[in-house]
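Trainee: Below are the structure tokens for one structure; questions will follow.
In the UniProt record's numbering, the protein residues as written are 1 to 458.
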């Protein structure tokens with residue numbers, strides 16, 4: 001039971017005393033589901049396990065008979081559903097009562113020069129086990145697991161070769177449990193706590209503090225900070241505390257603070273990835289305005305005279321890292337941009353025309369559908385300032401409609417996840433092997449400490 005319970009913890013374990021940008025709460029509903037599924041999984045696995053050889057000796061007054069039991073495997077196992085619960089703000093307690101198993105194997109004995117061998121059938125009755133593990137955090141932020149209690153009981157063992165061996169089996173149960181826990185602890189220690197998201201970003205997910213366990217759930221706080229792989233530069237802001245509300249009717253709740261989203265924005269910015277070249281082919285065909293000197297002549301009269309019938313490019317780039325703000329059911333984005341226009345001469349040479357400073361604010365909604373995170377965006381406000389011009393002065397106010405159209409195109413290509421996938425096909429949510437999210441619910445909330453994005457999974 002224990003390995004299956006730890007699968008999700010192993011995935012989540014990925015430092016300092018700092019505010020987590022990600023919080024994960026696993027409830028008793030999740031624990032009971034894992035218990036039910038894990039019991040069936042273990043039942044299937046037990047029938048494919050081969051046990052280590054068992055050797056010993058028996059005193060028969062005239063000497064000792066030495067024996068070895070080898071090739072021991074389970075042919076039938078009656079595994080009752082375990083009792084699994086959060087334990088005293090410490091960890092997990094697993095109890096199994098009434099396990100029965102039938103085993104077969106080979107035996108060999110030696111008594112002086114006399115040797116014998118054969119096979120055997122064994123039955124183990126009324127096995128009970130109570131195991132308690134403590135969940136913690138190591139200095140690097142990995143999840144740690146420590147056995148703090150193990151109580152085995154074996155009712156009886158019947159074997160044709162030798163009866164009354166229950167004490168021998170009972171003495172082996174807890175050491176085997178400890179070995180399994182040690183193996184899992186070694187695996188957790190070897191796990192990476194940072195992961196490359198793509199060729200630009202990496203995310204660090206160490207635990208910021210030991211897991212907090214109550215009577216009906218466990219909460220894990222993770223650093224949840226994105227960095228540019230190239231610069232690994234710290235953002236000029238820090239994570240603020242936030243509270244993830246209890247949702248006992250869901251198996252799992254995940255809370256992401258503004259800090260995590262904004263650290264991704266800063267990572268892209270520091271890597272120089274928040275820029276896009278907009279050309280006329282990217283403008284919707286039905287748009288009344290296009291990126292060419294003729295169309296732009298409505299706002300800049302001298303432009304078609306200086307550069308007649310030429311296509312244009314517009315280099316749009318962030319001058320500061322865009323900042324996201326999570327409000328109730330809405331995401332707001334503030335961005336400081338630059339937009340440099342070029343005319344494209346017949347030989348392909350790009351001639352600089354002018355540069356605009358752009359202050360803009362967008363808002364949008366996010367939702368989950370088909371196991372993907374999707375979003376839309378709407379340009380709420382835009383302020384243009386002429387920063388420099390190679391074609392003379394012109395009234396910037398009149399070009400707002402152009403900027404609105406062009407910037408919407410730029411946002412779809414540049415914002416949120418540099419490739420625009422969030423605003424297009426959506427981002428596939430992380431999946432676990434042999435598990436999937438069922439009925440996920442996404443909430444955007446503004447709370448007293450910090451804004452958060454909150455995902456519940458039934």
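Note that CB positions come from ideal geometry on N, CA and C, so glycine has one too.
Since we're looking at a predicted model, the values are computed, not measured.
(1) So, does the CB of residue 339 fall closer than 9 Å to a CB anywhere in chain C?
(2) Give the DSSP-derived three-state secondary structure of residue 99 in the structure shown.
(3) In chain order, what residues of the same chain have a beta carbon less than 6 Å from the beta carbon of residue 235, not counting five sequence neighbours either side?
(4) Please report the residue range of the beta strand (DSSP E) in which residue 63 lies.
(5) Measuring CB to CB, does residue 393 end up less than 9 Å from residue 386?
(6) Suppose the cutoff is 6 Å on Cβ atoms and the five residues either side in sequence are ignored; what does the same chain contact list for residue 18 look like?
(7) Between the alpha carbons of residue 318 and residue 246, how many angstroms are there, rounded?
(8) Which value, in whole angstroms, describes the spacing of the CA atoms of residue 117 and residue 58?
(9) Under a three-way DSSP split, which group does residue 353 fall into?
(10) Please check the pair residue 239 and residue 226, which I expect to be a contact at CB under 8 Å, by giving their CB distance rounded to whole angstroms.
(11) Report the rounded CA-to-CA distance for residue 142 versus residue 194, giving the unit in angstroms.
(12) Please name the residue, chosen from 325, 330, 351, that lies closest to residue 311 on a Cα-to-Cα basis.
(13) For residue 280, does the three-state DSSP call read helix, strand or coil?
(14) Taking just the CA atoms, how far does residue 145 sit from residue 186?
(15) Locate the alpha helix (DSSP H) running through residue 268, then write down its first and last residues.
(16) So, using beta-carbon positions, are residue 461 and residue 99 closer together than 9 Å?
(17) Give every residue of the same chain whose Cβ lies closer than 6 Å to the Cβ of residue 138, excluding the five residues on either side of it in the sequence, and list them in chain order.
(18) For the alpha helix (DSSP H) that contains residue 305, what are its first and last residues?
(19) How is residue 115 classed by DSSP in three states: helix, strand or coil?
(20) Judging by CA-CA distance, which residue of 244, 441, 30, 251 is the nearest neighbour of residue 21?
(21) Are the beta-carbon atoms of residue 248 and residue 217 separated by less than 9 Å?
(22) Could you check whether the stretch 297-304 touches the stretch 321-339, counting it as contact only if at least three pairs of C-beta atoms, one from each stretch, sit closer than 8 Å?
(23) Report, in whole angstroms, the separation of the C-beta atoms of residue 157 and residue 124, which I expect to be a contact under 8 Å.
(24) Going by other Cβ atoms of all chains shown within 10 Å of its Cβ, with 16 needed for buried, is residue 190 buried or exposed?
(25) List, from N- to C-terminal side, the beta strand (DSSP E) runs of 3 residues or more that fit wholly inside the stretch 173-258.
(26) Any chance the stretch 24-35 sits against the stretch 76-84, with 3 or more Cβ pairs inside 8 Å?
(27) Tell me where the beta strand (DSSP E) around residue 296 begins and ends.
(28) Grab me the residues of residue 323's own chain with a C-beta within less than 6 Å of its C-beta, minus the 5 sequence neighbours each way, in chain order.
(29) Rounding to the nearest angstrom, what Cα-Cα distance links residue 337 and residue 439 in this structure?
(30) Span of the beta strand (DSSP E) holding residue 506?
(31) Helix, strand or coil for residue 35 per DSSP?
(32) Is the beta carbon of residue 23 sitting closer than 9 Å to the one on residue 221?
(33) Per DSSP, what are the beta-bridge partners of residue 367 in this structure?
(34) Between the C-alpha atoms of residue 269 and residue 197, what's the straight-line distance to the nearest angstrom?
(35) Decide if residue 63 is buried, meaning its Cβ has at least 16 other Cβ atoms within 10 Å, or exposed.
Mentor: Once the coordinates are examined:
(1) In the structure shown, chain C does not exist; there is a single protein chain.
(2) Working through the chain shown from its first residue, we reach residue 99 at position 99. Residue state for residue 99 is assigned as strand, using DSSP reduced to three classes.
(3) Translated into positions along the chain shown, residue 235 becomes position 235. Same-chain partners within the cutoff: 263, 266.
(4) The residue given as residue 63 occupies position 63 in the chain shown. Unbroken run through residue 63: none, as it is neither H nor E.
(5) Position 393 of the chain shown, counted from the start, is the residue given in the question as residue 393. Position 386 of the chain shown, counted from the start, is the residue given in the question as residue 386. Cβ distance < 9 Å, so residue 393 and residue 386 count as in contact.
(6) In the chain shown, residue 18 corresponds to position 18, counting from 1. Closer than 6 Å at the Cβ level, and outside the excluded window around residue 18, lie 208.
(7) In the chain shown, counting from the first residue as 1, residue 318 sits at position 318. In the chain shown, counting from the first residue as 1, residue 246 sits at position 246. Our two residues, residue 318 and residue 246, have alpha carbons roughly 38 Å apart in a direct line.
(8) Working through the chain shown from its first residue, we reach residue 117 at position 117. Working through the chain shown from its first residue, we reach residue 58 at position 58. Their Cα atoms are separated by approximately 16 Å.
(9) Numbered from 1 along the chain shown, position 353 holds the residue referred to as residue 353. Note: residue 353 maps to strand in three-state DSSP.
(10) The residue labelled residue 239 in the question sits at position 239 within the chain shown. The residue labelled residue 226 in the question sits at position 226 within the chain shown. With a Cβ gap of about 12 Å, residue 239 and residue 226 do not count as contacting.
(11) Stepping through the chain shown from its first residue, residue 142 is reached at position 142. Stepping through the chain shown from its first residue, residue 194 is reached at position 194. The alpha-carbon separation between residue 142 and residue 194 amounts to approximately 11 Å.
(12) Residue 311 sits at position 311 when you count from the first residue of the chain shown. Nearest option by C-alpha distance: 351.
(13) As a working mapping, residue 280 is identified with position 280 in the chain shown. DSSP places residue 280 in helix when its eight states are reduced to three.
(14) Looking up residue 186 in the chain shown gives position 186. Looking up residue 145 in the chain shown gives position 145. Their Cα atoms are separated by approximately 10 Å.
(15) The residue given as residue 268 occupies position 268 in the chain shown. Residue 268 -> alpha helix (DSSP H) spans 258-270.
(16) Given that the chain is displayed from residue 1 to residue 458, the structure contains no residue 461 and the question cannot be resolved.
(17) Here residue 138 corresponds to residue number 138 of the chain shown, with the count starting at 1. Within the same chain, residue 138 has close Cβ partners 144.
(18) Here residue 305 corresponds to residue number 305 of the chain shown, with the count starting at 1. Element bounds for residue 305: 303-306.
(19) By one-based count along the chain shown, residue 115 stands at place 115. Residue 115: strand per DSSP, three-state reduction.
(20) Here the question's residue 21 lines up with position 21 in the chain shown. Closest option to residue 21, judged by alpha-carbon separation, among 244, 441, 30, 251: 244.
(21) On the chain shown, position 248 is the one that residue 248 refers to. On the chain shown, position 217 is the one that residue 217 refers to. Cβ distance < 9 Å, so residue 248 and residue 217 count as in contact.
(22) Contact fails between the stretch 297-304 and the stretch 321-339, because fewer than three Cβ pairs, one in each stretch, are under 8 Å apart.
(23) One-based indexing of the chain shown puts residue 157 at position 157. One-based indexing of the chain shown puts residue 124 at position 124. Going by Cβ atoms, the distance from residue 157 to residue 124 rounds to 5 Å, so yes, they are a contact pair.
(24) If you number the chain shown from 1, residue 190 lands on position 190. It is exposed - the Cβ of residue 190 has fewer than 16 other Cβ atoms within 10 Å.
(25) 194-196, 201-204, 217-222, 225-228, 252-257
(26) yes
(27) One-based indexing of the chain shown puts residue 296 at position 296. Where residue 296 is concerned, there is no enclosing beta strand (DSSP E), although the alpha helix (DSSP H) it sits in stretches over 293-296.
(28) Residue 323 sits at position 323 when you count from the first residue of the chain shown. Excluding the 5 residues flanking it on each side, residue 323 has same chain C-beta neighbours closer than 6 Å at 262, 334, in chain order.
(29) What you label residue 337 is simply residue 337 of the chain shown in a count that begins at 1. What you label residue 439 is simply residue 439 of the chain shown in a count that begins at 1. Computed Cα separation, rounded: 38 Å.
(30) In the structure as shown, the chain starts at 1 and stops at 458, and residue 506 therefore has no counterpart that could be examined.
(31) Against the chain shown, residue 35 aligns to sequence position 35. Helix.
(32) Residue 23 sits at position 23 when you count from the first residue of the chain shown. Residue 221 sits at position 221 when you count from the first residue of the chain shown. The Cβ atoms of residue 23 and residue 221 sit closer than 9 Å to each other.
(33) As a first step, residue 367 is located in the chain shown; it is residue number 367 there, counting from the start. For residue 367, which the question treats as bridged, DSSP gives the partners 374.
(34) Looking up residue 269 in the chain shown gives position 269. Looking up residue 197 in the chain shown gives position 197. Taking the straight line joining both Cα atoms gives about 15 Å.
(35) By one-based count along the chain shown, residue 63 stands at place 63. Per the 10 Å Cβ criterion, exposed.
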